[in-house]
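In the working numbering, the protein residues as written are 6 to 599. By construction, the Cβ of each residue, glycine as well, lies at the ideal position given by its N, Cα and C atoms. The structure presented is a predicted model; accordingly, all values stated were derived computationally and were not measured. Before any comments, here is the structure.
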């Protein structure tokens, strides 16, 4: 069978899926011979392993996230009990949906995410030791910050100063003050300073703004300033999140997402059922027709649920829809998707039941405050609409283009030692992945661990283009629109291949799948401090596909030399390809002269 071992003789189906509690699962191939294989073959074997194992994380990794979920719920209950006249935990049935309690749920979620405890934390995101890094980075003078618009007065530069640390610290303290207040809605001066400080912090560093999931929680906090419109305004926020999330799935990408996501579900243990997610495992790892139907039904639910919950009268249809959308978020929660937006989905469940269940008699058209209406239109209509047609200019978070398999991404190729140089030259929030694992005393193969992440990326539609683009970046030659050189091996001994997201998390302290946090602007900062030679660090950057456009735009960038090439790939050209086989793909090259 060569390097592919397949299942071991005598191993039961349950045993094939079961994972150790401490050590990650062994891949389903000879991991000793694997690094010496050509890149396409390495990727093919790892994609097979992903289909049967997902990330292969040990049980202790999932225990970490379960503890975090308990912390999230426990913290909310603890702060809820500081609210006036709640009557204690035994009286929760009388106060769980009160406006003041919902306000604390919003503010607790905001500070929880801003600390880095939520999305983008832990081993499923390549953060091993420490598993949570955001607050370390945001409270450290000298670190890297990324201003969204450097031309705004007093925001230029990339070095974190005492001003940035002070703003972040003020955000934490002001939010904590609101959380312990007897009535956080009693005065606008309780919540308003939180909003002002977060906006100021975000103008100096977009990473802080995005980490707090401001497109959701900061906007929801703004609604708290209008108590008479509170539930109507929060319903608008909730409904818009569902609507735009569904809209972002109107593409060729999403049918593949279901197969890839469910393959990482630790509760989805049957190999037979896992095979059904793909067209013909192990030969054809495109998402199956069944997986595509699940994707379409999920999109229909995200579209239909807000329409029913907002416009339908009270009755069985609204109740059934509410049950369905709660089940939808529970499914995502238990799937442990990479990026782990677990607490976010838990808040969605609570928010849906409070806003459209307990307070379903309130309607969005009850909104009456002109300022609130104007802000909601801008944040819930204008920005997401613009972000969907110009994804290159708006992060997928404020554009509300959530996990649809279509987002900006970047894969980096470094010469040996260059990643260590980044760690040495910058005050990073975490060490390199290799050094993190060394601190834990693990004996796992980092190359294999990173290979799992590359397989995850490749099995999405945009990732298939990487099979053609990465060898071009390794060669450093952009000659024509087809790359057919079979000699290019992407040897891990000569080239370190890593997702740019992991480097951004290491340096910035946080990333949640946003390729704009490790694009040319980030590369320029690293180049300024590390002084790479040409060829030391190259990045293949693929932009998210715009709504209405048939193309995915890509760029090849050298940290020292700048842009080397760019092009566009038709999404439909990727549909017939396997994740590892794109040698004849027309990548639409435009050569950039240096």
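Query, Result
"What whole-angstrom Cβ distance do residue 279 and residue 293 have, given they're in contact under 8 Å?", "In fact, because the Cβ distance is near 11 Å, the residues do not count as touching under 8 Å."
"Quick one: measure Cβ to Cβ for residue 371 and residue 237, integer angstroms, because I've assumed they're closer than 8 Å.", "4 Å"
"Select from 397, 257, 281, 145 the residue whose C-alpha is nearest the C-alpha of residue 153.", "397"
"Using DSSP with H/G/I as helix, E/B as strand and the rest coil, what is residue 245?", "helix"
"Assuming residue 179 and residue 199 are in contact, meaning their beta carbons sit under 8 Å apart, how far apart are those beta carbons, in whole angstroms?", "5 Å"
"How far does the beta strand (DSSP E) with residue 125 in it extend, from its first residue to its last?", "No beta strand (DSSP E) contains residue 125, which DSSP labels as neither H nor E."
"Can you list, in chain order, the residues of its chain with a C-beta nearer than 6 Å to that of residue 560? Leave out the 5 residues immediately preceding and following it.", "546, 571"
"Do three or more CB pairs link the stretch 209 to 217 to the stretch 242 to 258 at distances below 8 Å?", "no"
"Can you give me the Cβ contacts of residue 291 inside the same chain, cut-off strictly under 6 Å, excluding the 5 residues immediately before and after it?", "284"
"Quick check: what's the CA-CA separation for residue 5 versus residue 81?", "Residue 5 falls outside the range modelled here, since the chain spans only 6 to 599, and no answer is possible."
"Tell me the rounded alpha-carbon separation between residue 611 and residue 106.", "The shown model of the chain, from 6 to 599, leaves out residue 611, and the question about it has no answer."
"Could you tell me the boundaries of the alpha helix (DSSP H) in which residue 524 lies?", "First-last for residue 524: undefined, no H or E at that position."
"Taking all protein chains shown into account, decide if residue 155 is buried (16 or more other Cβ within 10 angstroms of its Cβ) or exposed.", "exposed"
"Does the beta-carbon distance from residue 172 to residue 205 come in below 8 Å?", "yes"
"Assess contact between the stretch 57 to 73 and the stretch 320 to 330, defined as three or more Cβ pairs (one per stretch) separated by less than 8 Å. Is contact present?", "no"
"Who does residue 560 pair with in a DSSP beta bridge?", "546, 571"
"Residue 415 and residue 563 - do their beta-carbons sit closer together than 8 Å?", "no"
"By DSSP, does residue 487 sit in helix, in strand, or in coil?", "Unreliable positioning characterises residue 487 in this predicted model, as indicated by a pLDDT of 43, which lies under 50. The coordinate reading is nonetheless provided below. Three-state result, residue 487: coil."
"Along the chain, where does the alpha helix (DSSP H) containing residue 100 start, and where does it finish?", "97 to 100"
"Between the alpha carbons of residue 63 and residue 423, how many angstroms are there, rounded?", "29 Å"
"In terms of residue numbering, what span does the beta strand (DSSP E) encompassing residue 138 cover?", "Here residue 138 belongs to no beta strand (DSSP E), and DSSP marks it neither H nor E."
"Which partner residues does residue 416 have in the DSSP bridge list?", "504, 545"
"Measuring straight from C-alpha to C-alpha, what distance separates residue 99 and residue 367?", "19 Å"
"Inspect the beta-carbon positions of residue 467 and residue 557 and report whether they are closer than 8 Å.", "yes"
"Short of 6 Å in beta carbon distance, which residues of its chain neighbour residue 490, apart from the five on each side in sequence? Order them along the chain.", "Confidence at residue 490 is low in this model, with a pLDDT of 48, below 50, so the placement of that residue should be treated as unreliable; the coordinate-derived value is given next. Nothing listed; no residue qualifies."
"With distances taken between CB atoms, is the gap from residue 509 to residue 537 smaller than 8 Å?", "no"
"What separation, rounded to the nearest whole angstrom, lies between the Cα atoms of residue 84 and residue 114?", "12 Å"
"Where does residue 88 fall in DSSP's three states?", "coil"
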